[in-house]
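Quick note, my numbering runs 276 ahead of the 1-based positions in the sequence shown.
Built from N, CA and C at the ideal position, the CB exists for glycine as well.
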Amino acid sequence: MPATVHTCARCEKAAPGRYFLLGGQICNTCYSSLRRNPATCPSCSETRVLAYINDRGDVSCAECAGQTRRFACSTCGSERFLTGTHCGHCRLNQRLQELLGNDGSIPPPLANLRGYLTTAPMDPRSIVRWLRREEIDRTLRQMGTGNLPIAHATIDQLPPGPRARYFRRLLIEAETLPPIPVLLHELNIFVDTNAAQLPREHAPILRRFHRWVVLPQLHQRYRDNGNDITIGVFTNQRSATLARARFLSWISEQGTTLADLDQSTLDYYLAHVNARVPINQLVGWATRSRLADELDTHPQPIGLAPSTYSENELWEHTHRLLEAYTVELAVRIIGLFALIYAQPLGHSVRLTRNDVNVHGHSLTVAFGSTPVELAEPVAELLRQHLGAPARRGFATGTSRWLFEGIMPGEHLSPAYARLRLSQNGIRVRHARTTRLDLLSAQQQRRLSRTRSASPSTPRNNDGLAAEESGRATLRCVTDEYFPCR
Ligand SMILES: [Zn+2]
Ligand SMILES: [Zn+2]
Ligand SMILES: [Zn+2]
277 MPATVHTCAR CEKAAPGRYF LLGGQICNTC YSSLRRNPAT CPSCSETRVL AYINDRGDVS
337 CAECAGQTRR FACSTCGSER FLTGTHCGHC RLNQRLQELL GNDGSIPPPL ANLRGYLTTA
397 PMDPRSIVRW LRREEIDRTL RQMGTGNLPI AHATIDQLPP GPRARYFRRL LIEAETLPPI
457 PVLLHELNIF VDTNAAQLPR EHAPILRRFH RWVVLPQLHQ RYRDNGNDIT IGVFTNQRSA
517 TLARARFLSW ISEQGTTLAD LDQSTLDYYL AHVNARVPIN QLVGWATRSR LADELDTHPQ
577 PIGLAPSTYS ENELWEHTHR LLEAYTVELA VRIIGLFALI YAQPLGHSVR LTRNDVNVHG
637 HSLTVAFGST PVELAEPVAE LLRQHLGAPA RRGFATGTSR WLFEGIMPGE HLSPAYARLR
697 LSQNGIRVRH ARTTRLDLLS AQQQRRLSRT RSASPSTPRN NDGLAAEESG RATLRCVTDE
757 YFPCR
């Protein structure tokens, strides 16, 4: 039977409605909105659906208005995150029981996962939706019954990509799987898969190049970062691997091998591809390792130095970013770290909460080994950031990262920060180069002053901000950070 049209007691629009709430007939839209947005009841202070009028004429929960609690979860009575007859938490518990089994039978690593998910500070209904994904559902069920090992090897079997990566990171965060450098692990699998598709004589070349050339460089560079590589390095290495695989398979298509490759065939290939660098590295290594003849790769000259901003542009960007309220706070702070302190994005996103220290009114950040006191407008933004509630991700409690990312246990992606800043007209590399040039010029001036000045010369012109006193509120903080005196 179609609902009759009434004037809604909440939005006052004429609309069909079959619910009698808030002292009148209300429309379907208002009903859903009330149910979706429980709030603190002014009478009992519980988080409830506020859809009733109590005997003093105030809006309240059903109980305080002496009505039946029609919204309450039929298991626990909660009115939060409602879905059907249950609350989100009961729905999640039920889902996890279906997937992983009962308390007594659940293997300890999966019990960790259940604990992690049931205490995650986010809407449990979105976790339920995630658990419904076919590959997540199937993998967890089979790990629960022992048909698949609770191991990284199981995740390796899923189609590679961000979904599988998210799943793996979550299992690591929940202490279901041991920590590993996730991107490096994925890169190794990627190289192996590509090598397996190459002709027999070339498959070992791709693997050996990766093992003996690429991996040692990555290990050396990322030894201090829990041994994982950044997403940018991962993406670059993946395309370099593809370029090398294409090259090796092209050689096979010419009816020859890397060992017999001659200069004119190589020149022909190099003249027709964009990806010269990965090929040059491979050929150089093959020549040195006597896996190929003496071949010349004609390495290209190094490109022009990166462009810079003018000093004015640098300050304009700084002031604009200080007031760019539509940009995420984390991204603004990271941008200011680049503009003022010449910090590379890759370093800023890896700062941890332990790198920040509060001493009374001053706030310091350990960019390098020496803590740097932040200039006040930036310090204030960082205080706001530190005081903000937990982000939407799965992470329980506070992340160790200063700028938490979307992936469980990950910091904010530098690529994302770069994208957001460039959307706001800021090119981080230009900003850093300009700032570094300014700092070094400043340092030169100071050195020459120190040499020529008499002991009584007042040093009231210290720092960039003082020279920019007309408009800059920022104090130069680089003395400790660039200890070149
Ligand atoms: Zn309405
Ligand atoms: Zn109440
Ligand atoms: Zn419940």
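**OP:** Would you mind working out which of 656, 635 and 653 sits nearest residue 647, comparing C-alpha positions?
**Re:** Position 371 of the sequence shown, counting from 1, holds the residue named residue 647. Closest option to residue 647, judged by alpha-carbon separation, among 656, 635 and 653: 635.
Original post:
CB residue 460 to CB residue 507, shorter than 7 Å?
Top reply: In the sequence shown, the residue the question calls residue 460 occupies position 184. In the sequence shown, the residue the question calls residue 507 occupies position 231. Cβ atoms of residue 460 and residue 507: not closer than 7 Å.
Subject >> Those residues which DSSP pairs with residue 477 across a bridge >> reply: Numbered from its first residue, the sequence shown carries residue 477 at position 201. According to DSSP, residue 477 bridges with nothing at all.
Original post:
CB-CB under 8 Å to residue 412, same chain, minus the five flanking residues each way: which ones, in chain order?
Top reply: On the sequence shown, residue 412 is found 136 positions in, with the first residue counted as 1. These residues qualify, in order along the chain: 406 and 443.
Subject >> Close-in-space but distant-in-sequence residues of the same chain around residue 738 (CB under 6 Å, 5 per side omitted) >> reply: The sequence position of residue 738 within the sequence shown is 462, counting from 1. A caution first: residue 738 carries a pLDDT of 40, below 50, which makes its placement in the model too unreliable to give a value.
**OP:** Please state whether DSSP places residue 426 in a helix, a strand or coil.
**Re:** Here residue 426 refers to the residue found at position 150 of the sequence shown. If DSSP states are grouped into helix, strand and coil, residue 426 belongs with coil.
**OP:** Decide if the segment 546-555 is in contact with the segment 473-480; the criterion is three or more beta carbon pairs, one per stretch, under 8 Å apart.
**Re:** Verdict: no, contact absent.
**OP:** Please determine, among 652, 653, 630 and 637, the residue with the shortest C-alpha to C-alpha distance to residue 643.
**Re:** In the sequence shown, the residue the question calls residue 643 occupies position 367. Closest by alpha carbon: 630.
Subject >> Which of helix, strand or coil DSSP assigns to residue 732 >> reply: For this step, residue 732 is matched to residue 456 along the sequence shown. Low local confidence applies: a pLDDT of 42 at residue 732 is under 50, so the model's placement there is unreliable, with the coordinate-based value given in what follows. Residue 732: coil per DSSP, three-state reduction.
Original post:
Roughly how many whole angstroms lie between the Cα atoms of residue 309 and residue 393?
Top reply: In the sequence shown, the residue the question calls residue 309 occupies position 33. In the sequence shown, the residue the question calls residue 393 occupies position 117. Their backbone Cα atoms lie some 26 Å apart in a straight line.
**OP:** Check whether the Cβ of residue 286 sits closer than 6 Å to any heavy atom of ligand 1, and report yes or no.
**Re:** Stepping through the sequence shown from its first residue, residue 286 is reached at position 10. At least one heavy atom of ligand 1 is nearer than 6 Å to the Cβ of residue 286, so yes.
Subject >> Inter-stretch contact (C-beta, 8 Å, three-pair minimum) for the segment 460-473 and the segment 528-540 >> reply: Under the three-pair Cβ rule at 8 Å, the segment 460-473 does not count as touching the segment 528-540.
Original post:
Is the beta carbon of residue 485 sitting closer than 7 Å to the one on residue 542?
Top reply: Sequence index remark: in the sequence shown, residue 485 carries index 209 (1-based). Sequence index remark: in the sequence shown, residue 542 carries index 266 (1-based). No.
Original post:
In whole angstroms, what separates the C-alpha of residue 748 from that of residue 512?
Top reply: Taking the first residue of the sequence shown as position 1, residue 748 is located at position 472. Taking the first residue of the sequence shown as position 1, residue 512 is located at position 236. The predicted position of residue 748 is uncertain, since its pLDDT is 31 and thus under 50; a value taken from the coordinates is nonetheless stated next. Taking the straight line joining both Cα atoms gives about 39 Å.
Original post:
What's the call for residue 287, buried or exposed, on a 16-neighbour Cβ count within 10 Å?
Top reply: Taking the sequence shown and counting its residues from 1, one reaches residue 287 at position 11. With fewer than 16 Cβ atoms within 10 Å of its Cβ, residue 287 is classed as exposed.
Original post:
Quick one: any contact between the segment 446-457 and the segment 384-403, if contact means 3 or more CB pairs under 8 Å?
Top reply: Touching, yes.
**OP:** With a cut-off of 5 Å, give the chain-ordered residues whose Cβ is closer than this to any heavy atom of ligand 3.
**Re:** The set of residues with a C-beta under 5 Å from any non-hydrogen atom of ligand 3 comprises 349, 351, 352, 354, 363 and 366, given in chain order.
**OP:** Could you tell me which of 281, 338 and 618 sits nearest to residue 355, measuring between CA atoms?
**Re:** Taking the sequence shown and counting its residues from 1, the one referred to as residue 355 is at position 79. For the residues 281, 338 and 618, the minimum Cα distance to residue 355 belongs to 338.
**OP:** Name the residue from 564, 490 and 364 whose alpha carbon lies nearest to the alpha carbon of residue 404.
**Re:** On the sequence shown, position 128 is the one that residue 404 refers to. It is 364.
Original post:
Going by the beta-carbon positions, is the gap between residue 605 and residue 661 smaller than 7 Å?
Top reply: For the purposes of this step, residue 605 is identified with residue 329 of the sequence shown, where counting begins at 1. For the purposes of this step, residue 661 is identified with residue 385 of the sequence shown, where counting begins at 1. Cβ distance < 7 Å, so residue 605 and residue 661 count as in contact.
**OP:** Answer with buried or exposed for residue 281, where buried requires no fewer than 16 other C-beta atoms within 10 angstroms of its C-beta.
**Re:** Residue mapping note: residue 281 aligns to position 5 of the sequence shown, counting from 1. With fewer than 16 other Cβ atoms within 10 Å, it is exposed.
**OP:** Go to residue 296, then tell me how far its beta strand (DSSP E) extends in each direction, as first and last residue.
**Re:** Taking the first residue of the sequence shown as position 1, residue 296 is located at position 20. For residue 296, the enclosing beta strand (DSSP E) stretches over residues 295-297.
Subject >> Spatially closest choice to residue 657 from 350, 330, 695 and 603, by CA coordinates >> reply: Taking the first residue of the sequence shown as position 1, residue 657 is located at position 381. Residue 603 is the option with its Cα nearest to residue 657.
Original post:
Which residues bound the beta strand (DSSP E) around residue 291?
Top reply: Residue 291 sits at position 15 when you count from the first residue of the sequence shown. First-last of the beta strand (DSSP E) with residue 291: 290-292.
Subject >> C-beta contact flag for residue 638 and residue 652 at 7 Å >> reply: What you label residue 638 is simply residue 362 of the sequence shown in a count that begins at 1. What you label residue 652 is simply residue 376 of the sequence shown in a count that begins at 1. A distance of 7 Å or more separates the beta carbons of residue 638 and residue 652.
**OP:** Measure the alpha-carbon distance for residue 330 versus residue 368 and round it to whole angstroms.
**Re:** Here residue 330 is taken as the residue at index 54 of the sequence shown, counted from 1. Here residue 368 is taken as the residue at index 92 of the sequence shown, counted from 1. Rounded to whole angstroms, the separation of the alpha carbons of residue 368 and residue 330 is 33 Å.
**OP:** Please look up how many angstroms separate the CB atoms of residue 401 and residue 683, rounded, as I've assumed it's under 8 Å.
**Re:** For the purposes of this step, residue 401 is taken as the residue at position 125 of the sequence shown. For the purposes of this step, residue 683 is taken as the residue at position 407 of the sequence shown. Not really, about 21 Å apart at Cβ, beyond 8 Å.
Original post:
In chain order, what residues of the same chain have a beta carbon less than 8 Å from the beta carbon of residue 676, not counting five sequence neighbours either side?
Top reply: Stepping through the sequence shown from its first residue, residue 676 is reached at position 400. Cβ within range, chain order: 628, 629 and 630.
**OP:** Taking 7 Å as the cut-off, decide whether the C-beta atoms of residue 612 and residue 597 are in contact.
**Re:** As a working mapping, residue 612 is identified with position 336 in the sequence shown. As a working mapping, residue 597 is identified with position 321 in the sequence shown. Result yes, Cβ atoms of residue 612 and residue 597 sit closer than 7 Å.
Original post:
Hey, quick one: how far does the alpha helix (DSSP H) through residue 557 stretch, first residue to last?
Top reply: Numbered from its first residue, the sequence shown carries residue 557 at position 281. Taken as a continuous stretch (DSSP letters only), the alpha helix (DSSP H) holding residue 557 covers 552-564.
Subject >> Close beta carbons around residue 420, own chain, < 8 Å, minus the five adjacent residues each side >> reply: Along the sequence shown, read from residue 1 onward, the residue named residue 420 stands at position 144. So the list reads 375, 376, 377, 382, 383 and 386, once near-sequence residues are dropped.
Original post:
According to the Cβ coordinates, are residue 522 and residue 614 closer than 7 Å?
Top reply: Taking the first residue of the sequence shown as position 1, residue 522 is located at position 246. Taking the first residue of the sequence shown as position 1, residue 614 is located at position 338. In terms of Cβ geometry, residue 522 and residue 614 do not form a close pair [threshold 7 Å].
Original post:
Got a sec, what are the start and stop residues for the alpha helix (DSSP H) residue 511 sits in?
Top reply: For this step, residue 511 is matched to residue 235 along the sequence shown. It spans 507-529 - the alpha helix (DSSP H) in which residue 511 sits, taken as one unbroken run.
Original post:
For the putative contact between residue 520 and residue 482, defined by C-beta atoms under 8 Å, what is the C-beta separation to the nearest angstrom?
Top reply: As a position in the sequence shown, residue 520 is number 244, starting the count at 1. As a position in the sequence shown, residue 482 is number 206, starting the count at 1. Under the criterion of beta carbons closer than 8 Å, residue 520 and residue 482 qualify as touching, at roughly 6 Å.
Original post:
Can you pull every residue whose C-beta falls closer than 6 Å to some heavy atom of ligand 2, listed in chain order?
Top reply: For ligand 2, the residues with a Cβ under 6 Å from any of its heavy atoms are, in chain order, 317, 319, 320, 322, 324, 336, 337, 339 and 340.
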